[in-house]
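J.:
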Amino acid sequence: MSNMKISSFEEYHQVYKHSIEQPEEFWAGIADNFQWRKKWDNVLSWNFKEPNIKWFEGAKLNITENCLDRHLETLGDTPAIIWEPNDPTENHRVLTYKQLHDKVCQFANVLKNNGVQKGDRICIYMPMLPELAIAVLACARIGAIHSVVFGGFSAQSIADRIKDAECKVVITADGGFRGTKDLPLKSVIDDALVQCPSVKRVIVLTRSRTPVSMIKGRDVWWEDEIKKVETQGNPECPAEEMDAEDMLFILYTSGSTGKPKGVVHTCGGYMVYAGYTFANTFQYNPGDVYFCTADIGWITGHSYIVYGPLSQGATTLIFEGIPTYPDAGRFWDIVEKYKVNILYTAPTAIRSLMSFGLDPLKDKDLSSIKVLGSVGEPINEEAWHWFDDHIGYNKAPIVDTWWQTENGGHMITPIAGITPTKPGYATLPLPGIQPVLVDENGKEIEGNGVSGNLCIKFPWPGILRTTYGDHERCRLTYFATYENMYFTGDGCLRDDDGYYRITGRVDDVLNVSGHRIGTAEVENAINMHSSVVESAVVGYPHDIKGQGVYAFVVSPNQHGGDAELNKKDIIMTVQRIIGPIAKPDKIQFVSGLPKTRSGKIMRRILRKIAEGDTANLGDTSTLLDPSVVDEIKAGAL
Ligand code: PRX
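For what it's worth, the working numbering labels the leading residue of the sequence shown as 145, then goes sequentially.
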C-alpha cells in the first residue's frame, strides 16, 4: 500500500509531471496497490461533452474486500474502528478488522434476508455509530447502492431523496444523541415514509431507547434480524463481484437549483481515489490513530472515515457527539485519550472552539498529534494560526484539503510534511489532478499571480459519473459552462509561487458551517409559508459559521401583525422543509425585491447589503424600482 506514498517534495514534482504526461500509466500504477478480482482492460475512456467517463473498464472488484478481507491476515487484531460516545461516561468501543469484517458480513446477510439485491438503493439515516459504517459497508458487500442522509435533514428532505433514488429499504435507529439533544430519527423516518411507497422495509437499530412505533410488515429491529442470521449459522457473506463502473453510492448535495442532486460514485475509481488520497495527504503510517470529526452523512465521512482509511488498514475514530459537549475541551480529551496522531476537522469547528479561549486546552496533552487537516470551506488565517499554535504546537503540518462531493477525494492539498504550507492556501494539486483557472469566457488564464474560476481539465478516478436519474443535469451543472472542462463552482487565485487559494463559491451556493446549501432551496422553503409572497436568500460573513443565511422576505399580510412571531414561524418552516442546518440567521421583511425589468432578482445588491457594504452598490438604474433599494438599505440587520 505504501507504494502510493510520496516521500519528498522533489518526488512530488517528479510524480506530478509523470501523472500529467502519462496519466493512464500513472493511475494504473496507483490502482495496482488495490486488490482486484480481475484487472482492467482499459484504464480510461472519457469525454467531458456528454460526459462519459470510465475508469478501469472491465475490472472486477469489491471495495469491502479491499477495506476488510485483505487486511485480515496482517491486521486482523488491529483496531479498525474506535468509537467514542456522545456521553464521555459511557463505554467506548473498539472493533478490530476481524470483528468489523464479521459484523459487516452478518449485516450483509440481514440485508439479503430482507430482500435486498445488487443494484437496490438503500437509504441510511443513522447516528454516528460503528453500525453506520457497518450498514454502509454491508451494502457495498452485496452490491446495493447506499444513499446516506445526514441526521440534520428533515422528513421532507429525506422523502425527496428516497423518492429520487426509489429506495427499497431504510436503515435507521430509534434515536440518537448529539450533545444535549436527542434526535428522534425513527419518528422522522416515519413522517418521511408517508410519501415513499417504494420503501418496503425499515431496519431499526436500538440506540436511544426512545419509544417508537413499529409498523407491522414494514419495520424490523436490527438486533432481531442479527439473531435470525446467527441462528441460520452462516457468518460469512461472500462479496459480490462488481464491475469497476457499477454504482457504489449516491450522495445528495445542493446546487444552484432548488432540488438537491444525487452525485453518483462508482466502485473502482472511487476506491482507488479515496485510498490514494488518504494515504498521501495524511501520510498515514501503520499504528497511527486517525480522527476525522466529520459526519458519515457527508462526503468527508464517506471518503475519510470509512472507505479511505479502511482501504489502507488504518485505525479510524468515530465520534458520536459534538466538539462542545460536555464542554469545549471534548476534542482535546479524545485526542489525549486515544493518542490521536492525525486530526481532520473543519474551520467552523476550529473557530467555534477558538471562541472559548485557551482554558479548555489547559492540562490537555496533545503531543501525539503529527498531522492536522482542514476541510469544507476556506480557512481564515486567524483560525489557521490558532490551529497551528495551540493544537499542532507549530510542529504538525496543516493540510488544507480542497475538494467537493463530486470529486470523491482531495484535489488540491498539501501532502503532510512534504508540501510547504501557507496559511489559507490549499497549495498544490495532488499528482493526477490538472486544475486550470478560466475567465468568464472560458479562456484559460495562464501564468501565476492570477485569479479566475476553478476548473479541472482532465478526469481523475474519483470524479462523479452522473447525477442519479438525470444525466443531463450532470452535464449542465458541471460540463456545460466551459467546454471540455469540469467546472467546480469555486473562485480561486494562483499566487506567484503557483499556490492555489480557494476564494469561495461563485454560484448561488452557500457554505454554512462547511455545509453546502443552495439559496434556491432555502427560498423554496421560505416561500412555502402562507404569509410569504417571495423571498431572496444570500450569504453574509459569519464569525463562526463562515457564512450565515440572510433572507429578504416579502410578507405583506402577517398573521396577527406580529413580525417577530412571523420570523420564528418562517424559520420553523425552513427547519421542517430542509432541516435545522438551513435555518436563516437573519430575516428582513421588505416590501419588494430589487429586480431588473425582466424580473430577475439582483442578488449582487442584496449580497452587498447583507455584507454591510452599502456604500458601493454599483449601477441600480436598470432596476424596475430603484427606490426599493433605499428601503432595504435602511432596514438592513
Ligand atoms: O466551495 C468549496 C468548499 O466546499 C465546497 C464543496 O462542498 P461539499 O461538496 O459539501 O464538500 C465539502 C467537503 C469536501 C467547495 O466547492 N470547500 C471545500 N474544501 C475547501 C473549500 N473551500 C476552501 N478551502 C477548502 N479546503
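Beta carbons: idealized from backbone N, C-alpha and C, even for Gly.
Ser-783 by DSSP, collapsed to three states: which one?
T.: Since the first residue of the chain shown is 145 and the last is 781, residue 783 is not available in this structure.
J.: In this structure, how does DSSP classify Gly-320 when only helix, strand and coil are distinguished?
T.: Within the sequence shown, numbered from 1, the residue matching residue 320 stands at position 176. In the structure shown, Gly-320 sits in a strand (DSSP, three-state: E or B).
J.: Out of Gln-261, Ser-765, Phe-294, Met-272, which one is the CA nearest neighbour of Arg-285?
T.: Here residue 285 refers to the residue found at position 141 of the sequence shown. The shortest Cα separation from Arg-285 among Gln-261, Ser-765, Phe-294, Met-272 belongs to Gln-261.
J.: How long is the line joining the alpha carbons of Met-746 and Leu-767, rounded to whole angstroms?
T.: Taking the first residue of the sequence shown as 1, we reach residue 746 at position 602. Taking the first residue of the sequence shown as 1, we reach residue 767 at position 623. Taking the straight line joining both Cα atoms gives about 8 Å.
J.: Which whole runs of the beta strand (DSSP E) in the stretch 482-562 are 3 residues long or more, in chain order?
T.: The qualifying runs are 486-489, 515-519, 542-545.
J.: Going by Cα to Cα distance, which pick from Ser-189, Gln-300, Phe-393, Gly-323 is closest to Asp-471?
T.: The count along the sequence shown starts at 1 and reaches residue 471 at position 327. Ranking the options by Cα distance to Asp-471, first place goes to Gly-323.
J.: When you compare only the Cα positions, how much space is there between Tyr-414 and Leu-487?
T.: To locate residue 414, count along the sequence shown from 1; it is residue 270. To locate residue 487, count along the sequence shown from 1; it is residue 343. One C-alpha to the other measures close to 23 Å.
J.: Tell me the rounded alpha-carbon separation between Thr-233 and Val-187.
T.: Position 89 of the sequence shown holds residue 233. Position 43 of the sequence shown holds residue 187. Approximately 50 Å, taken between the alpha carbons.
J.: List, from N- to C-terminal side, the alpha helix (DSSP H) runs of 4 residues or more that fit wholly inside the stretch 248-303.
T.: Counting whole runs of 4 or more residues, the stretch 248-303 contains the alpha helix (DSSP H) stretches 274-286.
J.: Using only the heavy atoms of the ligand PRX, determine whether one of them is closer than 7 Å to the beta carbon of Thr-444.
T.: The residue given as residue 444 occupies position 300 in the sequence shown. For the ligand PRX, at least one heavy atom lies less than 7 Å from the Cβ of Thr-444.
J.: Have a look at Pro-603, Gly-690, Ile-589, Gly-683 and flag the residue whose alpha-carbon is nearest the alpha-carbon of Gly-642.
T.: Counting from one through the sequence shown, the residue named residue 642 turns up at place 498. Measuring from the Cα of Gly-642, the nearest candidate turns out to be Ile-589.
J.: Between the Cα of Glu-275 and those of Gln-719, Ile-347, Gly-457, Glu-678, spot the shortest distance and give me the residue it belongs to.
T.: Looking up residue 275 in the sequence shown gives position 131. Of Gln-719, Ile-347, Gly-457, Glu-678, the residue nearest in Cα terms is Ile-347.
J.: Which word fits Ala-778, buried or exposed, when buried means at least 16 other C-beta atoms lie within 10 angstroms of its C-beta?
T.: Taking the sequence shown and counting its residues from 1, the one referred to as residue 778 is at position 634. Counting Cβ neighbours within 10 Å, Ala-778 comes out exposed, since fewer than 16 surround it.
J.: Quick one: which unbroken alpha helix (DSSP H) runs of 4-plus residues sit fully inside the stretch 443-475? Chain order, please.
T.: Whole alpha helix (DSSP H) segments, 4+ residues: 452-455.
J.: Comparing the CB of Trp-546 with every heavy atom of the ligand PRX, is any distance shorter than 7 Å?
T.: For the purposes of this step, residue 546 is taken as residue 402 along the sequence shown, with counting starting at 1. Yes - the ligand PRX has a heavy atom lying nearer than 7 Å to the Cβ of Trp-546.
J.: For Tyr-612, which three-state DSSP category applies?
T.: Position 468 of the sequence shown, counted from the first residue, corresponds to residue 612. DSSP places Tyr-612 in coil when its eight states are reduced to three.
J.: Which one of Lys-514, Gly-561, Ala-493, Tyr-630 has the shortest CA to CA distance from Met-555?
T.: Translated into positions along the sequence shown, residue 555 becomes position 411. With distances taken between Cα atoms, Met-555 lies closest to Tyr-630.
J.: Which ranges would you report for the alpha helix (DSSP H) in the stretch 180-241 if only whole runs of at least 4 residues count?
T.: Runs found: 207-211, 216-219.
J.: Under 8 Å by Cβ, that's how I've got Pro-491 and Ser-518 pegged, so tell me the actual separation to the nearest angstrom.
T.: Counted from its first residue, the sequence shown places residue 491 at position 347. Counted from its first residue, the sequence shown places residue 518 at position 374. Yes, Pro-491 and Ser-518 are in contact; Cβ-Cβ is about 6 Å, under 8 Å.
J.: Which full runs of the alpha helix (DSSP H) of 4+ residues lie inside the stretch 376-436, going along the chain?
T.: Within the stretch 376-436, the complete alpha helix (DSSP H) runs of at least 4 residues are 411-426.
J.: With H, G and I counted as helix, E and B as strand and the rest as coil, what does DSSP make of Leu-620?
T.: Here residue 620 refers to the residue found at position 476 of the sequence shown. Three-state DSSP puts Leu-620 in a helix.
J.: Hey, out of Thr-717, Ser-499, Ser-455, whose CA is closest to Pro-467's CA?
T.: In the sequence shown, residue 467 corresponds to position 323, counting from 1. Of the listed residues, the one whose Cα sits closest to Pro-467 is Ser-499.
J.: Within 8 Å, do at least three Cβ pairs link the stretch 504-519 to the stretch 378-394?
T.: Touching, no.
J.: Does the Cβ of Ser-455 have 16 or more other Cβ atoms within 10 Å, making it buried, or fewer, making it exposed?
T.: Against the sequence shown, residue 455 aligns to sequence position 311. Buried.
J.: Just reading off the alpha helix (DSSP H) that Ala-336 is part of, what are its end residues?
T.: Here residue 336 refers to the residue found at position 192 of the sequence shown. Run containing Ala-336: 329-337, per the alpha helix (DSSP H) assignment.
J.: If we call anything under 8 Å between Cβ atoms a contact, is Ser-447 one with Val-484?
T.: Residue 447 sits at position 303 when you count from the first residue of the sequence shown. Residue 484 sits at position 340 when you count from the first residue of the sequence shown. Not in contact: Ser-447 and Val-484 (Cβ atoms no closer than 8 Å).
J.: Grouping DSSP H, G and I as helix and E and B as strand, with all else coil, what is Trp-604?
T.: Within the sequence shown, residue 604 is the residue found at index 460, counting from 1. Note: Trp-604 maps to coil in three-state DSSP.
J.: Can you list the alpha helix (DSSP H) stretches of 4 or more residues lying completely in the stretch 640-674, in chain order?
T.: Listed in chain order, the complete alpha helix (DSSP H) runs (minimum 4 residues) inside the stretch 640-674 are 663-671.
J.: Report the three-state DSSP secondary structure of Ile-315 (helix, strand or coil).
T.: Position 171 of the sequence shown holds residue 315. Three-state result, Ile-315: strand.
J.: Using DSSP with H/G/I as helix, E/B as strand and the rest coil, what is Tyr-684?
T.: On the sequence shown, residue 684 is found 540 positions in, with the first residue counted as 1. In this structure, Tyr-684 counts as strand in the three-state DSSP scheme.
J.: To which residues of the same chain is Tyr-482 closer than 7 Å at the C-beta, ignoring the five residues directly before and after it?
T.: Here residue 482 refers to the residue found at position 338 when the sequence shown is read from its first residue. Hits under 7 Å: Ile-226, Val-433, Leu-461.
J.: Just verifying my parser: in three-state terms, what is the DSSP assignment at Met-145?
T.: Taking the sequence shown and counting its residues from 1, the one referred to as residue 145 is at position 1. Caution is warranted here: a pLDDT of 46 is assigned to Met-145, below 50, making its placement in the model unreliable, and the coordinate value is therefore given only provisionally. Coil at Met-145, not helix or strand.
J.: For Gly-296, I'd like the list of residues in its chain whose CB is within less than 7 Å of its CB, leaving aside the five on either flank, ordered along the chain.
T.: Along the sequence shown, one-based indexing puts residue 296 at 152. Excluding sequence neighbours, Gly-296 sits near Gly-723, Pro-724, Ile-725.
J.: Under the criterion of a Cβ to heavy atom distance below 7 Å, does Glu-526 qualify as lining the ligand PRX?
T.: On the sequence shown, residue 526 is found 382 positions in, with the first residue counted as 1. Incorrect: Glu-526 has no Cβ contact closer than 7 Å to the ligand PRX.
J.: In angstroms, rounded to a whole number, what distance separates the CA positions of Asn-210 and Tyr-612?
T.: Position 66 of the sequence shown, counted from the start, is the residue given in the question as residue 210. Position 468 of the sequence shown, counted from the start, is the residue given in the question as residue 612. Spanning the two alpha carbons is a distance of roughly 25 Å.
J.: How is the beta strand (DSSP E) around Ala-695 delimited, first residue to last?
T.: What you label residue 695 is simply residue 551 of the sequence shown in a count that begins at 1. Unbroken beta strand (DSSP E) run through Ala-695: 690-698.
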